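Chains A and B, in that order, give the protein sequences.
In this text, residue positions in the first sequence follow the working numbering: the first is 2, and each later residue adds one.
In this text, residue positions in the second sequence follow the working numbering: the first is 88, and each later residue adds one.
We put the CB at the ideal spot given by N, CA and C, even for glycine.
Predicted model only: the values in this text are computed from it and were never measured.
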Amino acid sequence: GESVGLHLPTLSVQEGDNSIINCAYSNSASDYFIWYKQESGKGPQFIIDIRSNMDKRQGQRVTVLLNKTVKHLSLQIAATQPGDSAVYFCAEIWGAGGTSYGKLTFGQGTILTVHP
Amino acid sequence: EAGVAQSPRYKIIEKRQSVAFWCNPISGHATLYWYQQILGQGPKLLIQFQNNGVVDDSQLPKDRFSAERLKGVDSTLKIQPAKLEDSAVYLCASSLALGADTQYFGPGTRLTVL
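Here it is as structure tokens:
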């Protein structure tokens, strides 16, 4: 079935480096994408989102890129800090204005480890 | 603004026992979601409420799982009887409305079935 997935399950970086976390999706009808950060023992925390009519969106130290041609989503974290260590999930909503009613479909997740 | 509250945080039961989880969403949020997160996986939606009505329960194992949101605010999720494969974190989330709206998650309840 259609799903959201990640290329790399783990990513280790040094403090201060930039991190890039990738996500592939297969549902061409997806029109809204979200990145969540989940720390140990906590629920997912919203980081940034992007709609399908955009190809880039920037937040504080984070940038999300969307390439609809190859169905690829990425999260870039600038100047990665130890506090960024967590599991990162991409999630999609398709038909956000229609029958999906905002149902999130999550990918497997990428473990980001930042070394001091 | 207070976040989504869940209780208990941890629960250990034996298989075939019953268990219930409670969720209090962010004040004013009409939409409430229950997710199941098995270790190493992303959360999977079990059921979604809009006020006190069910919007989507297509992935809820209805032979053993039930959920309600009687007054359109708090919600409970029940498992009866529990199986070993129900061991997971049960996350509650809420959003202002249906559709592409930011979902805010609670800390979850970690269930271990022995």
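Three-state secondary structure (DSSP) at L7/A? Legend: pLDDT at L7/A = 41, less than 50; position of this residue unreliable, value from coordinates given subsequently. In the structure shown, L7/A sits in coil (DSSP, three-state: anything other than H, G, I, E or B).
Looking only at its own chain, which residues have a Cβ that is under 8 angstroms from the Cβ of G110/A, when we skip the five neighbours before and after it? L7, P10, Q39, V88, Y89 and F90
Out of H73/A, S86/A and L76/A, point me to the one whose CA is closest to H116/A's CA. The residue among H73/A, S86/A and L76/A with its C-alpha nearest the C-alpha of H116/A is S86/A.
Residue(s) in a DSSP beta bridge with R58/A: V65/A
Just checking: is the beta-carbon of Q1/A within a distance shorter than 9 angstroms of some beta-carbon in chain B? Residue 1/A lies beyond the residue range present for chain A, which begins at 2 and ends at 117; the question has no answer from this structure.
Give a yes or no on whether the C-beta atoms belonging to Q77/A and T64/A are separated by under 9 angstroms. yes
DSSP three-state assignment for C24/A, whether helix, strand or coil: strand
Please report how far the alpha carbon of L198/B lies from the alpha carbon of S27/A, in whole angstroms. 32 angstroms
Around the Cβ of K104/A, are there at least 16 other Cβ atoms within 10 angstroms (buried) or fewer (exposed)? buried
What is the rounded straight-line gap between the Cα of L178/B and the Cα of D150/B? 20 angstroms
If I measure Cβ to Cβ from A184/B and keep anything under 7 angstroms in the same chain, skipping five residues before and after, which residues do I get? A117 and T118
Under the rule that 16 or more other beta-carbon atoms within 10 Å means buried, what is Y97/B, buried or exposed? Y97/B should be labelled exposed.
Chain B residues whose Cβ lies nearer than 8 angstroms to that of K104/A: L132, Q135 and D143
Assuming contact is defined by CB atoms lying nearer than 9 angstroms, are K158/B and N139/B in contact in what I supplied? yes
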